[in-house]
Each structure stands twice: as structure tokens, then as C-alpha cells.
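Residue numbering for the sequence shown is 59 to 440, as defined by my numbering.
Cβ coordinates follow ideal geometry from the N, Cα and C atoms, glycine included.
Note that the structure is predicted; figures quoted are calculated from it, not measured.
Below: the structure, in C-alpha cells.
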Amino acid sequence: MENPVTIATGVTYERRSIEKWLFTYKKSTCPATMQPLPTFDLIPNHTLKRLIYSWRVQNFHCVPSPPSSSSQHHDLLTSLLSSMDSSPFKVSSLKKLRSFTTTNPSLFVSSGGVNALRHIILQSATDPLDHAAFLAGEEALGVLHTLPFDGDEDILGLLSKPDSIKTMLLMLQRGGAEARFHAMAILQRVSKARPTIAEQLNLDIDVFKSLLDLLSDDMSTLLSHSSLHFLLEAVAGSQVNRVKAVEAGALRVLIELLPDAGRQRSEKTLLMLKRLCECAEGRSAFADHALGVVAVANKIGRECDVATKLGVKVLWLICGIAPTKRVLEDMVACGAVRKLLSLINVDGTSSTKEKALRMLKMHGHSWKQSPCFPYELREVQY
């Protein structure tokens with residue numbers, strides 16, 4: 059015995075022998091006691107290993123050099139992957155696989171590891187009542203998350219398939235906190251490499267609700283950021299997805315998150331608002347929210363040129379196409395009109411200045427009648 063390990067029954071074996079028993083012969087019992095094993099974890103028996111080493115030295119036995127680690131790893135990885143489907147302990151096997159993705163990711167990929175993980179993830183969505191399969195799917199996502207696949211076209215091709223994307227979106231709805239994080243992180247990496255994948259999917263309203271829940275998650279900034287990125291991609295060129303996002307309550311969530319958002323987050327939130335307000339349903343939902351105009355107006359001229367440009371675009375969409383009376387009243391009451399007036403006095407020409415001027419020409423007469431209109435600006439010509 060050279061590399062002793064102890065299994066769940068407390069019996070110690072040579073690692074290569076017990077791995078062959080479990081993963082090559084696909085046994086799920088202890089060879090000595092024949093008791094069923096609750097887990098395939100192999101715990102190194104360091105005390106016995108030191109004793110064996112000491113005995114070899116004292117008795118002038120040659121201390122063997124360890125076998126080739128690469129061949130050992132390859133044999134173990136092949137055994138694990140080949141026995142994965144029939145193993146009753148998928149989660150334990152997947153936890154063992156995780157070490158390969160960090161120490162030797164190229165070996166894992168070349169041995170078909172990604173295909174095996176994808177198969178387990180897809181299986182988790184076939185039967186909503188199969189709790190064991192779902193747990194295995196969550197663990198497989200965790201293993202996949204550790205792989206550096208960003209530049210690998212073959213892996214990206216597998217993960218960007220509709221069934222892969224939809225299963226990961228299911229994990230966002232039903233998975234635990236860690237699984238949701240892994241699913242969202244993988245989705246973001248895939249959507250960055252395949253920018254149109256999100257908008258091409260026919261996403262359910264429940265999926266948008268799950269993404270919006272993650273967007274509002276105060277516990278994980280990274281998870282929230284990834285969710286916003288995926289939402290932006292999903293509505294970028296799809297009118298259907300924009301309407302579904304509106305129906306899922308996106309306007310309310312975005313408007314209420316905007317006041318406390320930092321510079322980068324403000325820009326992305328305003329971009330999302332702009333895209334949603336390009337459809338009638340989005341403009342209606344924006345107009346119905348009491349804080350919509352003030353939240354956007356407060357970002358104009360304060361954050362940066364990008365936020366100002368996007369903020370004016372949102373207000374133009376709201377004020378330029380059949381605005382409600384309350385929206386026009388809110389514009390003057392919250393100081394948005396004052397900001398529009400300051401923009402038209404900026405030197406040069408720009409699309410932002412042009413939109414501000416057009417809004418003032420369209421509604422300036424009614425705004426001047428409001429008691430909230432700045433007195434010192436009543437004589438300004440535009």
C-alpha cells in the first residue's frame with residue numbers, strides 16, 4: 059500500500075484500487091463490509107501513509123517515486139466521467155471533478171468534461187420533482203463556472219445552445235443562492251461572447267421577474283450587475299422581450315434603483331429605461347410611476363455626459379410622444395425644465411441639445427403657465 063485512503067465506512071484502501079472499484083466497476087458498496095456508501099469521498103490516511111514510509115526507510119526498502127501525476131489524473135478523470143450517468147452519487151463525483159477544472163482545465167475539456175457537465179445540467183430540467191437531479195445540476199454549474207472558457211469557441215457553442223441557456227435561466231428561478239450566482243455569471247460570459255443570444259430567446263415573463271429580483275439583490279453587487287447586463291442584451295433588439303420586461307415590472311424596479319446608483323450603474327439603468335420607453339407599454343409604465351421623471355431628471359448634468367445624454371433621450375421619449383398631463387407637470391415641478399433650458403445654452407450643436415430644444419418648443423408655453431416655472435427664465439427665448 060502506497061497511498062492509503064479511508065472511505066465512508068471507515069475502512070482504508072489503496073487509492074488506485076478503491077477508485078477502480080468505485081469508478082471503473084461502478085460499485086456503490088464497501089468491498090470489505092458490503093455496506094452501501096452514502097458518499098464517494100476518499101479521505102487521505104496521512105497517519106498510515108507516514109507509518110508506511112517510516113517502515114520502508116527503516117527496513118531499507120526503496121521508497122517508490124510517485125507515479126506520473128498526469129497519467130493518474132487522466133485515468134481518474136476518465137473513470138469519473140464514464141461512470142457519471144450511472145452513479146447514484148453524482149454530487150460527490152462532481153465535487154471531485156471540480157479540482158480538475160482548476161488544476162488541469164485543458165485535460166478536463168479534452169476528456170469531454172464540458173459535454174458531461176452540460177448533460178447533467180440539462181437533466182436537471184427534465185423532471186421538476188427529481189430533487190437529486192436538480193442538486194446535481196446545481197453542482198455541475200459550479201464546476202462549469204470554474205472553467206476559463208471565455209475564448210473557447212467549442213465550449214461557447216455548446217453553452218449558447220437554446221436548451222443550455224433556458225436550463226440556466228431555470229436555475230435562476232429555482233436554484234439556491236450559489237447556483238443562481240453561477241448561472242448568472244455563466245450567462246453573462248456567454249452573452250458577452252454571443253451578444254445576440256439573449257434577444258433571440260423567447261423568454262418567459264417569469265424569467266424576467268427572476269432577473270429583476272437579482273437586479274434588486276443587495277447581497278451581491280456582482281450578481282446584480284450581471285443581471286442588468288443580461289437584461290440589456292435581452293431587450294436590445296427584441297420588441298417582444300421589451301414588452302415582457304415591462305409586464306414583469308422592470309420600469310418600477312429600474313426607477314427605484316436609479317437614485318442610489320453610481321456612475322456606471324446609472325448609465326446602464328438609463329440605457330435600459332431608454333430601450334423600454336421605445337415601446338408604448340414602457341412609456342405608459344414610466345408615466346404611471348410617480349418618481350419616474352424626477353429620478354431621471356436628477357441624473358442629468360450631475361453624473362456625466364453619457365448619463366445626461368441618456369436621461370434627455372428618456373425624457374424626450376416620454377414628452378415627445380403623447381405625454382400625460384402629470385408627466386408635463388412633473389417635468390416643471392422637479393426641475394427637469396430648468397435643466398433643459400441650461401442645455402440649450404451650451405455652445406455647439408448636439409443631438410442632446412436638439413432634443414432639449416424640441417421639448418421646450420413643444421411644451422414651453424404650458425410650462426411657463428406653471429407656478430413652478432423659474433421666474434428668472436420666463437423671458438428666455440427658444
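Backbone secondary structure at residue i - three-state DSSP
| i | result |
| --- | --- |
| TYR83 | coil |
| ILE402 | helix |
| THR160 | helix |
| HIS423 | helix |
| PRO89 | coil |
| PRO317 | helix |
| PRO94 | strand |
| PHE192 | helix |
| ASP271 | helix |
| GLY171 | helix |
| MET417 | helix |
| VAL121 | Bear in mind that a pLDDT of 48 at VAL121, under 50, signals an unreliable position, so the number given afterwards is only what the model happens to contain. The answer is coil: DSSP assigns VAL121 none of H, G, I, E or B. |
| GLY340 | helix |
| SER296 | coil |
| ASP264 | helix |
| SER126 | Residue placement at SER126 is flagged as unreliable, the pLDDT there being 48, under the threshold of 50; the coordinate-derived value follows with that caveat. Coil. |
| ASP133 | helix |
| LEU187 | coil |
| PHE288 | helix |
| ASP388 | helix |
| LEU334 | helix |
| LEU109 | helix |
| LEU259 | coil |
| MET226 | helix |
| ALA303 | helix |
| ARG238 | helix |
| PHE166 | helix |
| ARG441 | Any question about residue 441 goes unanswered here, given that the chain covers just 59 to 440. |
| SER182 | coil |
| SER428 | coil |
| GLU77 | helix |
| SER408 | coil |
| SER278 | coil |
| ARG252 | coil |
According to DSSP, residues forming a beta bridge with residue i
| i | result |
| --- | --- |
| GLU72 | PRO62 |
| ILE101 | THR64 |
Identity of the residue in the options nearest residue i by Cα
| i | options | result |
| --- | --- | --- |
| PRO96 | PHE431, ILE65, LYS419 | ILE65 |
| VAL352 | ILE313, MET142, LEU259, VAL69 | ILE313 |
| LEU273 | LYS148, SER285, ALA241, THR225 | SER285 |
| ARG360 | ASN103, ALA319, GLY340 | ALA319 |
| PRO429 | ILE358, MET389, MET142, ASP262 | MET389 |
| VAL248 | MET229, ILE213, VAL293 | ILE213 |
| GLY195 | PHE344, HIS240, PRO163, LEU368 | HIS240 |
| ALA355 | GLN322, GLY393, ALA338, ILE179 | GLY393 |
| LEU106 | ASN61, PHE81, MET229, TYR433 | ASN61 |
| SER268 | PRO253, MET242, PHE81, THR254 | MET242 |
| LEU375 | SER164, LYS413, SER218 | LYS413 |
| GLN181 | VAL167, SER168, GLY170, GLU197 | GLU197 |
| LEU246 | VAL201, GLN231, ALA292, ILE263 | Correcting the residue identity first, residue 246 is Gln in this sequence and not Leu. Out of VAL201, GLN231, ALA292, ILE263, ALA292 has the C-alpha closest to the C-alpha of GLN246. |
| ILE358 | LYS397, PRO220, CYS335 | LYS397 |
| ILE178 | GLY340, THR159, HIS104, LEU202 | LEU202 |
| SER275 | VAL404, LEU230, ALA343 | According to the sequence provided, residue 275 is Asp. The question's Ser does not apply to it. Selected option, being the one with the closest Cα: LEU230. |
| ARG108 | ALA343, ALA303, VAL63 | VAL63 |
| GLY68 | MET417, ALA303, TYR433, PRO89 | PRO89 |
| PRO206 | SER141, THR161, ALA190 | THR161 |
| TYR433 | ALA380, THR407, ALA391 | ALA391 |
| ARG232 | LEU216, PHE266, PHE192, THR204 | PHE192 |
| LYS78 | PHE288, LEU227, LEU228, SER140 | SER140 |
| ASP221 | TYR71, SER424, ASP271, LEU261 | LEU261 |
| GLY340 | GLN258, LEU415, VAL304 | VAL304 |
| LEU315 | ASP271, ALA338, ALA380, PHE81 | ASP271 |
heavy atom of the ligand FAD below 7 Å from residue i C-beta
| i | result |
| --- | --- |
| GLU387 | With respect to the ligand FAD, the structure offers nothing, as it holds no ligand at all. |
**Message:** Does the structure place the segment 342 to 355 close enough to the segment 378 to 389 that three or more beta carbon pairs sit under 8 Å?
**Reply:** Judged by Cβ distances under 8 Å, the segment 378 to 389 makes contact with the segment 342 to 355, as three or more pairs qualify.
**Item:** Three CB pairs or more closer than 8 Å across the segment 184 to 192 and the segment 151 to 166
**Value:** No: fewer than three Cβ pairs fall under 8 Å.
**Within the segment 347 to 379, ranges of the alpha helix (DSSP H) (whole runs, at least 4 residues)** = 350 to 355, 363 to 378
**Request:** Could you tell me whether the segment 277 to 285 touches the segment 293 to 303, using the rule of 3 or more Cβ pairs below 8 Å?
**Result:** no
**Message:** I'd like the ranges of any alpha helix (DSSP H) spanning at least 4 consecutive residues and lying wholly in the segment 197 to 223.
**Reply:** 211 to 217
**Message:** For the structure I just gave you, are there three or more beta carbon pairs, one from the segment 88 to 95 and one from the segment 131 to 139, closer than 8 Å?
**Reply:** Per the Cβ contact rule, the segment 88 to 95 is not in contact with the segment 131 to 139 (fewer than 3 Cβ pairs under 8 Å).
**Request:** Determine, using beta-carbon pairs with one atom in the segment 314 to 333 and one in the segment 365 to 381, whether at least three such pairs fall under 8 Å.
**Result:** With three or more CB-CB distances shorter than 8 Å, the segment 314 to 333 counts as touching the segment 365 to 381.
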